[in-house]
Amino acid sequence: MPVYRAPLDDFRFLVEEFLDLDQAADLPSLTDCSADDIRAILREGARLAETVLQPLNAVGDEQGVRLDDDGRATLPEGFAEAYQTYCEAGWNGLTADVDYGGQGLPVFLGLCLSEMLNAANASFAAYPGLTHGAVEVIERHGSDEQKQRYLPPMIAGRWTGTMNLTEPQCGTDLGLIRTRAEPATDGSYRISGTKIWISAGEHDLADNIVHLVLARTPDAPAGTRGISLFIVPKFLPKDDGNAGERNRVRCAGVDRKMGMKASATCEMQYDNAVGFLVGEENRGLAQMFTMMNAARLVTGIQGLGLASVAAQNAASFARERLQGRSLAGPKYPDRPADPIIVHPDVRYMLLKSRALVEGARALGLYTGLQLEIEHRHPDPERRRQAGHFVALMTPIIKAFFTDMGSEVANLGLQVHGGAGYIHDTGVEQFVRDVRITQIYEGTNGVQALDLVGRKLVADNGDLLKSFFSAVQSFIDSVRGEEGMAEFVDPLEQSVKRLASTSALVYQQMSRDPLEAGAASSDFLRLFALTALAWMWARMAAISQRALDAGSDHQTLHQDKLAVARFYFARMLPETLGLEAKVAAGAQTLMALEDDRV
Amino acid sequence: MKILVPIKRVVDYNVRVRVKSDGSGVETEGVKMSINPFDEIALEEALRIRERGEAEEVIVASIGGTDVQQQLRTGLAMGADRAIHVETETAPQPLTVARILLKLIERESPGIVFLGKQAIDDDCNQTAQMLAALWDRPQATFASRVELADGKATVAREVDAGLETIEIELPAVMSSDLRLNEPRFVKLPDIMKAKRKPLDVIAIADLGVEQGAGFEMLAFEPPPKRGGGKVVGSVAELVDELKNRGLL
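So the sequences go chain by chain: A and B. The opening position of the first sequence corresponds to residue 21 in my numbering, with each subsequent residue numbered one higher. The opening position of the second sequence corresponds to residue 56 in my numbering, with each subsequent residue numbered one higher.
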């Protein structure tokens, strides 16, 4: 069976050496949080993930979610206890506002925790994940009364949250929503309609479930401008704050899925359920996008977590599986055969996985720090710049990290050979579990369109500039440094390639909007691989300096340099092909008639 | 009553230990370090005794370089009231540890010194016994159940033949076995609170203990690779095989 060991050493490297927290020292969340505290927090989070959540991962896959005739869902054995352990230890409130019972710690720390939870048990992680999104919406858009009522129990984990967007006739296109909200005389609304694919819609983990539901009021304008957002609790809160009377919302079915089997994916029926408007009418979609943006980053981290656990199990297997001999003659002559890790192609798969996982982890935490600056930094200009970077990176992290999750989970299975295809080996679960991350929270195709259609052109290209100027200032800071030319020169070239391709895409799509769609997914991958090159060059620079200074972490820094070299030699060149593909334009995609594609 | 819980920083039990290439020790660079699991069980038991109102204060102590403060902070986050760090750069051997602990006992006058029965790195299983002798107080080692009443402790011990229950007078030394309890998970807010709990640092020299070298480490090497197994056809053949190898 797979095991999980949290990458505490890499987290330490990233937080203490890579992130450069000194330049973010004005952050209130960092004033009372030292590097030692962060180590202690991550160590304990790792313990929870490794010893409580990971052992339940296969159990969850095997047992799935059961729904009884009264619409009550039961999660697999051990989930409720594990959730209680998780909440009692305070993990649910790690980054949440201290005013509502959270710990107020920096967002990037939340991303580390999220990676560990998802690597250990992605189905389990879905429940707190949804709650965090819902908390963020209420925090940002709810009334004071709503915040007082809902945030403390949700942050403590006693109540969980959901997001209800999808209906049978509308997924990506939310303008088609039909769920209705009739105003009642007491100022609340009565919600009626059917929502599908609602993650965490029903379960036995918590006392109450707070559904955030998109619906239309009777005279709302058509399309996305007529959607409002409502809080619809499963149990209506009493004045003392506890869950009270049962609301008229029920779970009518739990979907059977390819993976994530312990995450309850529910059909929810609202039959004149009591709902409370969040903010103003017809502002629902914009408000929900608060949640969508955070959820997209976290979805990227799901991909990263699953990639991380898949990669480490593949590496252990390759070191143990004895089969055949090295092409260069026996490397371990005292054994009946060499471990398969001697083979270049096996190493290729493992190194690809490692370069992607560690590169993505660096980019994720870097973006997490920018998110923290965007939300909590005292200087408005710093907040604005960080916000640009986060907005630009959100679709890239969502799409690339989840594509990468799928790629690495499949590579991990491939390294296992036939054993990987056997269910009981446990690694095919990673392939199934990660697959949805490429689809939900906006498919990766939609992310690519968001990048090209919105982010590329937004604010006169300021979003794009936030990336290029950060990379340029890195390049300037290390140019001429001993041993850095092998990274800086190709990085500079690939940044130029990205800049010229961005300009080309912009020209092509101003001529023909179909060009945006034709370029989008290749462009996003080109962007992501360039961003990872920046991350690897930066890690290489830090490691080179640390080795020159005689650091205590020799192995880690030597490894970083070696993997950086691998990335530049064997992965970054893919951008040449992507550049050519983007330049080829839409013509060949559109040539065939619809009925002949 | 105070309970003193000495804890040792060791390579985490989940880590596959590797010997350094020059044979001078085991690899600890980038390796996850934790409280010795038996010590953690001892600390958990001490906390439960305090939570039952049978002790007032739990003190964690550790001997080593600055790094051990990480484990002391974990101990404080678990619930210990304060911590003592005895600072030394050389890893002390069990007898020296026992002598250091005796000095801490003289300072703190605990009713119980609760240790882990052994550390998972060197597996010495000596410190508790030596300490009891030096202190000239009773010992209850390998504890799997502890009950306190009227200045006495009733302790079920895990011995080769099963469980042995003994009664000892306090103050006393105890050492925990694996099944004594299951340590709690540290709560996140308690990690932050632990920063504000007192942690005293004492240089080993200030305790007047000599860092005596009872024995010298010559070399470390990994255990030899296991040779291939052999399937035997019958019991008689098995017995023959064992006899041939001088095992019977």
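Note that the Cβ used here is the ideal one computed from N, Cα and C, for glycine as well. Note that the structure is predicted; figures quoted are calculated from it, not measured.
Roughly how many angstroms lie between the CA atoms of Ile456/A and Ser143/A, to the nearest whole one?
-> 11 Å
Per-residue burial, Asn480/A [other beta carbons within 10 Å of its own, 16 or more giving buried] = exposed
Which residues, taken in chain order from the region 245-261 of chain B, show a beta carbon closer than 9 Å to some beta carbon of chain A?
-> Asp245, Ile246, Met247, Ala249 and Lys250
Identify, in the order they occur along the chain, each residue of the same chain with its Cβ nearer than 7 Å to the Cβ of Leu133/A, setting aside the five sequence neighbours on each side.
-> Gly65, Trp111 and Leu114
Does His152/A come within less than 8 Å of chain B when only Cβ atoms are used?
-> no
Spell out whether any CB of chain E is found under 8 Å from the CB atom of Lys87/B.
-> Among the protein chains in the structure shown, which are A and B, there is no chain E.
Quick one: which chain B residues come within Cβ less than 8 Å of Ile360/A?
-> Simply none; closest approach about 19 Å.
Mind checking the region 129-151 of chain B against chain A and listing, in chain order, the residues whose C-beta falls within less than 8 Å of any C-beta there?
-> Thr129 and Ala132
Leaving out five residues before and five after Asp119/A in sequence, what residues of the same chain have Cβ atoms less than 8 Å from its Cβ?
-> none
Can you find at least 3 beta carbon pairs, one from the region 58-74 of chain B and one from the region 175-192 of chain B, that sit closer than 8 Å?
-> yes
Unbroken alpha helix (DSSP H) runs of length 4 or more, entirely within the region 140-166 of chain B: which are they?
-> 149-163
Answer yes or no: does any C-beta atom of chain B fall closer than 8 Å to that of Thr214/A?
-> no
Contacts that Glu84/B makes with chain A (C-beta to C-beta distance below 7 Å) = Asp572, His573, Gln574 and Thr575
What three-state label does DSSP hand Asp245/B in the structure shown?
-> helix
Measure from the C-beta of Phe240/B to each C-beta in chain A and report whether the shortest distance is under 8 Å.
-> yes
Residues of chain A with a CB under 7 Å from the CB of Lys298/B: which are they?
-> Those do not exist, as Lys298/B stays about 28 Å from chain A at its closest Cβ, beyond 7 Å.
Look up Leu45/A in the DSSP assignment and say whether it is helix, strand or coil.
-> Here residue 45/A turns out to be Ala, not Leu, going by the sequence shown. Ala45/A falls in the coil class under three-state DSSP.
Please confirm if Leu243/B has its CB atom under 8 Å from at least one CB of chain A.
-> yes
Over what stretch of residues does the beta strand (DSSP E) that includes Lys207/B continue unbroken?
-> Lys207 to Val214
Measure how close the beta-carbons of Gln124/B and Phe270/B come, nearest whole angstrom, since I'm counting them as under 8 Å.
-> With a Cβ gap of about 28 Å, Gln124/B and Phe270/B do not count as contacting.
Reduced DSSP category for Pro22/A - H, G, I as helix; E, B as strand; rest coil = coil
Since Tyr209/A is in the beta strand (DSSP E), which residue starts that stretch and which ends it?
-> Tyr209 to Ser219
For a contact meaning CB atoms closer than 8 Å, what does Gln123/A contact in chain B?
-> Leu243, Pro244 and Met247
Since Val228/B is in the beta strand (DSSP E), which residue starts that stretch and which ends it?
-> Ala227 to Ser231
For Val491/A, does the count of other Cβ atoms within 10 angstroms reach 16, so buried, or fall short, so exposed?
-> buried
In chain B, which residues lie with their C-beta within 7 Å of the C-beta of Leu73/A?
-> By Cβ distance, chain B contributes nothing, its closest Cβ being about 12 Å from Leu73/A, past 7 Å.
Quick one: is Asp29/A near chain B, going by C-beta distance under 8 Å?
-> yes
If contact means a Cβ-Cβ distance below 8 Å, which residues of the region 96-111 of chain A contact chain B?
-> Thr105, Glu108, Ala109, Gly110 and Trp111
Return the chain-ordered list of same chain residues with a C-beta closer than 6 Å to the C-beta of Leu469/A, the five sequence neighbours on each side being excluded.
-> Ser540
Which chain A residues sit within Cβ distance under 9 Å of Lys280/B?
-> Asp354 and Arg355
Would a C-beta distance cut-off of 8 Å place Val141/B and Ile58/B closer than the cut-off?
-> no
Could you give the DSSP three-state label for Lys475/A: helix, strand or coil?
-> helix
Under 9 Å Cβ-Cβ, which residues of chain A neighbour Pro181/B?
-> One point to set straight first is that residue 181/B is Gln, not Pro, in the sequence displayed. Result: empty, since nearest Cβ-Cβ is about 28 Å, beyond 9 Å.
Delimiting residues of the beta strand (DSSP E) encompassing Lys57/B | Lys57 to Pro61
In terms of DSSP beta bridges, what is Phe543/A paired with?
-> BP columns for Phe543/A are empty, so no partner.
Can Leu305/A and Ile247/A be called in contact, C-beta distance under 8 Å?
-> yes
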